[in-house]
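Before any comments, here is the structure.
Numbering (the working numbering), first residue to last: 20 to 379.
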């Protein structure tokens with residue numbers, strides 16, 4: 020909701036608000052400032068664009084970003100506030116599957132990357148996909164997330180695997196306490212830092228999660244920093260302050276204890292890992308070393324590597340391929356719906372799969 024300070028635009032904002040039920044932003048203006056381009060964001064549909072004539076006080080619909088989404092049964096994304104165990108107010112977004120009773124659902128805790136980023140309210144393809152498959156989806160903006168002020172950001176300093184992880188567990192416990200979620204059917208999933216959080220969840224709190232989906236997540240914070248790309252070197256000081264300095268003996272225990280690799284023997288539940296072979300930020304060795312450690316300790320893991328991808332999956336064929344594998348994996352673990360891969364891999368995908376079975 021906008022709080023209009025300048026009375027010269029008050030009537031414009033009031034008129035624009037009546038055009039569409041979504042949240043809006045004025046994203047561009049002509050040189051005379053008489054015509055505005057307005058974007059409306061919704062949690063259950065695509066971004067819609069309007070022009071606004073300030074003289075006529077009239078809006079004209081232009082187009083939507085993804086017209087094929089219009090008219091589909093999509094799920095509502097609800098902002099919620101969760102109180103952490105040490106009293107912080109943590110914003111999160113809860114998406115419940117449309118058409119299902121909102122109780123005792125299987126859930127995917129979907130953790131954003133960064134970690135210096137955040138989830139926002141609006142259309143989320145991942146939240147809609149997973150809720151369509153029958154899962155509640157909870158996206159917490161744990162401490163260290165941006166958008167909530169410096170104090171909240173710095174509350175995450177040197178808390179990887181510690182209070183930042185506690186926030187994720189508190190989010191799960193909140194969802195269970197509210198009655199939305201079956202505590203025995205909770206998965207953790209995410210990319211980059213979210214992939215790290217997945218590995219942390221599977222190692223540090225192995226009894227909380229039924230399974231995990233890690234996408235390009237680091238397993239050893241020391242080797243992560245040792246392999247950072249040249250364009251990250253200017254922000255090395257930020258990593259030292261917020262994650263821990265891998266070259267400082269005073270932080271040695273902090274770094275090691277926060278690295279899931281060294282607790283791989285705690286992984287008792289199924290784990291799916293997706294990795295780009297050419298990842299410049301999180302080297303593929305981060306995934307491969309924990310796969311080796313899991314195998315050595317008798318655990319189960321499925322490792323999918325894409326030869327033409329980097330930090331995440333850019334090619335549609337690879338995204339579809341991994342998501343198909345992920346939904347099949349989650350269905351086996353949590354009992355949701357899935358559409359199995361029609362063949363060994365999606366045509367055009369470069370997936371190579373390694374399956375490590377648990378030793379009895």
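All C-beta atoms in this analysis are idealised placements derived from N, C-alpha and C, irrespective of residue type, glycine included.
Legend entry - Inside the stretch 307-364 only - alpha helix (DSSP H) runs reaching at least 4 residues: 335-353
Legend entry - Close Cβ partners of residue 31 (< 6 Å) along its chain, the five nearest in sequence each way excluded: 73
Legend entry - residue 111 - containing beta strand (DSSP E), residue span: For residue 111, the enclosing beta strand (DSSP E) covers residues 108-114.
Inset, instruction - Give every residue of the same chain whose Cβ lies closer than 7 Å to the Cβ of residue 21, excluding the five residues on either side of it in the sequence, and list them in chain order. - result: 32
Inset, instruction - Using the Cα positions of residue 145 and residue 321, report the straight-line distance between them to the nearest angstrom. - result: 21 Å
Legend entry - Classification of residue 250 by the beta-carbon crowding that lies within 10 angstroms, buried from 16 upward: Classification for residue 250: exposed.
Inset, instruction - Work out the CA separation of residue 95 and residue 244 for me, nearest whole Å. - result: 39 Å
Legend entry - Three-state secondary structure assigned by DSSP to residue 42: strand
Inset, instruction - Figure out for me which residue from 204, 180 and 181 has the closest Cα to the Cα of residue 191. - result: Of the candidates 204, 180 and 181, the residue whose Cα lies closest to the Cα of residue 191 is 204.
Inset, instruction - Could you check the C-alpha separation between residue 92 and residue 275 for me, to the nearest Å? - result: 46 Å
Inset, instruction - Just grab the DSSP bridge partners of residue 124 for me. - result: 200
Legend entry - residue 198 CB to nearest heavy atom of the ligand PLP below 7 Å: You won't find the ligand PLP in this model; it holds no ligand whatsoever.
Legend entry - Segment limits, beta strand (DSSP E) that includes residue 294: 290-295
Legend entry - residue 3, buried or exposed, once every other Cβ within 10 Å from all chains shown has been counted against 16: Nothing in the structure corresponds to residue 3, since the chain is present only between 20 and 379.
Inset, instruction - Identify every residue that forms a DSSP beta bridge with residue 166. - result: Its beta-bridge partners do not exist; DSSP assigns none.
Legend entry - With 16 other Cβ atoms within 10 Å as the buried cut-off, status of residue 102: exposed
Legend entry - Simplified DSSP assignment, three categories, for residue 152: coil
Legend entry - residue 235 vs residue 163 beta-carbon contact at 8 Å: No, they are not a contact pair.
Legend entry - Residues sharing a beta bridge with residue 158, DSSP: 112
Legend entry - Cβ-Cβ distance between residue 88 and residue 199 below 8 Å: no
Inset, instruction - Using only alpha-carbon positions, find the residue among 263, 189, 80 and 75 that is nearest to residue 66. - result: 80
Legend entry - Collapsed DSSP secondary structure at residue 22 in the structure displayed: coil
Inset, instruction - Indicate the three-state DSSP secondary structure (helix, strand or coil) for residue 370 in the structure shown. - result: strand
Inset, instruction - Measure the Cβ-Cβ separation of residue 179 and residue 277 and say whether it is below 8 Å. - result: Their beta carbons are under 8 Å apart, which means residue 179 touches residue 277 by this criterion.
Legend entry - Distance, residue 197 Cα to residue 26 Cα: 43 Å
Legend entry - Coil, strand or helix - residue 174 by DSSP: coil
Inset, instruction - Work out the CA separation of residue 209 and residue 289 for me, nearest whole Å. - result: Between residue 289 and residue 209, the C-alpha separation is close to 15 Å.
Legend entry - Under 8 Å between C-beta atoms of residue 113 and residue 99: yes
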